[in-house]
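Colleague: For what it's worth, my numbering labels the leading residue of the sequence shown as 8, then goes sequentially. C-beta atoms are modelled at their ideal positions from N, C-alpha and C, and glycine is treated no differently. Source: prediction; values computed, not measured.
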Amino acid sequence: MTGAARTLYKLVSSVTRGVSEAEAAAGVALFERTAGGLRANAYGRTLLARLARIEEEVTAATADLARSGQGSPTAPRHLLHDGRKLLLLLTLADTRAVSSAAAALGIGQAGASMALARIEAALGFRLFHRGLQGMTPTDPASRLLLRARRIRAELRHAASELASAEGAVVGAAVIGTLPMARADLLPRAIGTCLARAPGIQAQMVEAPAEILVARLRSGEIDAVVTVPGPGFEPKGLVVEPLLRDEMAVLGCAGHPLASAGPLTLREVSALRWILPWRSSMNRALFEARFIEEKLPPPRPAVQAADLSMIRGLLAASDMVAFISLRLFQFEIDAGLLAPLDLGRLSIEREVALVRREGASLSLAAEALIAEIRGWGTG
8 MTGAARTLYK LVSSVTRGVS EAEAAAGVAL FERTAGGLRA NAYGRTLLAR LARIEEEVTA
68 ATADLARSGQ GSPTAPRHLL HDGRKLLLLL TLADTRAVSS AAAALGIGQA GASMALARIE
128 AALGFRLFHR GLQGMTPTDP ASRLLLRARR IRAELRHAAS ELASAEGAVV GAAVIGTLPM
188 ARADLLPRAI GTCLARAPGI QAQMVEAPAE ILVARLRSGE IDAVVTVPGP GFEPKGLVVE
248 PLLRDEMAVL GCAGHPLASA GPLTLREVSA LRWILPWRSS MNRALFEARF IEEKLPPPRP
308 AVQAADLSMI RGLLAASDMV AFISLRLFQF EIDAGLLAPL DLGRLSIERE VALVRREGAS
368 LSLAAEALIA EIRGWGTG
């Protein structure tokens, strides 16, 4: 304690209190008390490894922020070591309003505004733009928030590792996914994983691919099951092929064209289509086929991504949908829906498991990822 107090320029009583608070937060003893002083035990060494990774993020963010502001050169480091201030900034970024952030954190709006003003004054630059769309992070704030989210992810993994130290794998595993993986791949992987390690809490996040990858880079998500398409930037990521997914045209089993034999794009262009949203990669794939044959892409009767909505529309009408066959394999096998024989719109895509390069995940996350990999490539 004396040596640590000397190094930190703190009183011995402050260091003793800090150790007690850290052990109370961890829920376990982190040190062995010996005649020669304190020595990190297995729990302590596990936590120290995570703290070293957090310190790397703090150092990188401090160097970046020091170039961006005119404030105190030590302000970035002090901010990054202050959990309450970081939580305020993260909540502001998520809610885009001081009032909402204050309510979420259980503090007064005036207090939240004053805290933000002090942080910005210390750093020497604004952290948020104020506009009609609410509060949006400035460029340096976005870089700071990326590091803050990675720090929070390291703490999440640390909690899982401490809880798993006795042998049973415990903790949260966060997986980002597109709809095509939730029909069979992820349910099977999650079911098998939880049967082996019931202490794992699997959290699924569904969002557009670009949002999932952004949250993967920030550490909020441990891995993403997606289809790397145009615009996908693999730098800093590890991409593992999982399986092949087929996009095709589906209609109800009694659809007039279900047994019509091979069809051309011209023959189906006037059908009532259920299509993905215009901004989606699947919509781009669909329209590209028509453009290649110098045909105008069909205008959708319905734009939808909700599987229940698509299932109901197909069953109750003669509409057709351009969709992943994996999502409706049960209905196809049961004779409720049928693929149309339209070779030009039968498109195979590679589904991949994407991870952040250099990420050190918890045992819980690694266990679920291993099951996903096994069900995908097996």
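According to the Cβ coordinates, are Q210 and A255 closer than 8 Å?
Modeller: No, these two residues do not count as a Cβ contact at 8 Å.
Colleague: Are L99 and F132 close, meaning C-beta to C-beta below 8 Å?
Modeller: No.
Colleague: Run the CB neighbour count on R306, radius 10 Å, all protein chains shown included, and call it buried at 16 or more, exposed below.
Modeller: By the 10 Å Cβ count, R306 comes out exposed.
Colleague: Looking at R60 and S386, is the spacing between their C-beta atoms short of 8 Å?
Modeller: Any property of residue 386 remains undetermined from this structure, which presents the chain solely from 8 to 385.
Colleague: Rounded to the nearest angstrom, what separates I317 and I281 at their Cα positions?
Modeller: Between I317 and I281, the C-alpha separation is close to 7 Å.
Colleague: What is the rounded straight-line gap between the Cα of T23 and the Cα of R57?
Modeller: Taking the straight line from one Cα to the other gives about 21 Å.
Colleague: Starting from L314, trace the alpha helix (DSSP H) both ways and give me its first and last residue.
Modeller: Start and end: 314-323.
Colleague: Hey, how far is the Cα of L302 from the Cα of L292?
Modeller: Roughly 14 Å between the two C-alpha positions.
Colleague: Report the residue from E338, G258, R351, E253 whose alpha carbon sits nearest the alpha carbon of I298.
Modeller: Of the candidates E338, G258, R351, E253, the one whose C-alpha sits nearest the C-alpha of I298 is R351.
Colleague: Let me know the secondary structure DSSP gives P5 once reduced to three states.
Modeller: Outside the displayed span of the chain (8 to 385) sits residue 5, for which this structure offers no information.
Colleague: Is E213 helix, strand or coil by DSSP?
Modeller: It is a strand residue.
Colleague: Measuring alpha carbon to alpha carbon, tell me which residue in A345, R224, L15, L112 is nearest K92.
Modeller: Checking every option, the nearest Cα to that of K92 belongs to L112.
Colleague: Look at the alpha carbon of E373 and the alpha carbon of P237, and state the distance between them as a whole number of angstroms.
Modeller: Distance between the alpha carbons of E373 and P237: 28 Å.
Colleague: Please state if the CB of L37 and the CB of L54 are separated by a distance shorter than 8 Å.
Modeller: Going by C-beta atoms, L54 is nearer than 8 Å to L37.
Colleague: Residues in its own chain within less than 8 Å of A12 by CB, not counting five upstream and five downstream?
Modeller: For A12, where only same-chain residues beyond five positions count, the Cβ hits under 8 Å are L18, V19, S21, V22.
Colleague: State yes or no: is the C-beta of R362 within less than 8 Å of the C-beta of G243?
Modeller: No; because the gap between Cβ atoms is not below 8 Å, this pair is not in contact.
Colleague: For a quick check, are the C-beta atoms of A196 and R333 less than 8 Å apart?
Modeller: Taking 8 Å as the Cβ cut-off, A196 and R333 do not qualify as a contacting pair.
Colleague: Three Cβ pairs or more, each shorter than 8 Å: is that satisfied between the region 265-280 and the region 218-236?
Modeller: At 8 Å Cβ cutoff, the stretches do not touch.
Colleague: Closest to L257 by CA distance: which of L97, L349, Y50, L250 is it?
Modeller: Checked all of L97, L349, Y50, L250; the closest Cα to L257 is L349.
Colleague: State the Cα-Cα distance for the pair R46 and E39, rounded to the nearest angstrom.
Modeller: Their Cα atoms are separated by approximately 5 Å.
Colleague: Under DSSP, the alpha helix (DSSP H) around P144 begins and ends at which residues?
Modeller: Not the alpha helix (DSSP H): P144 falls in the beta strand (DSSP E), residues 141-144.
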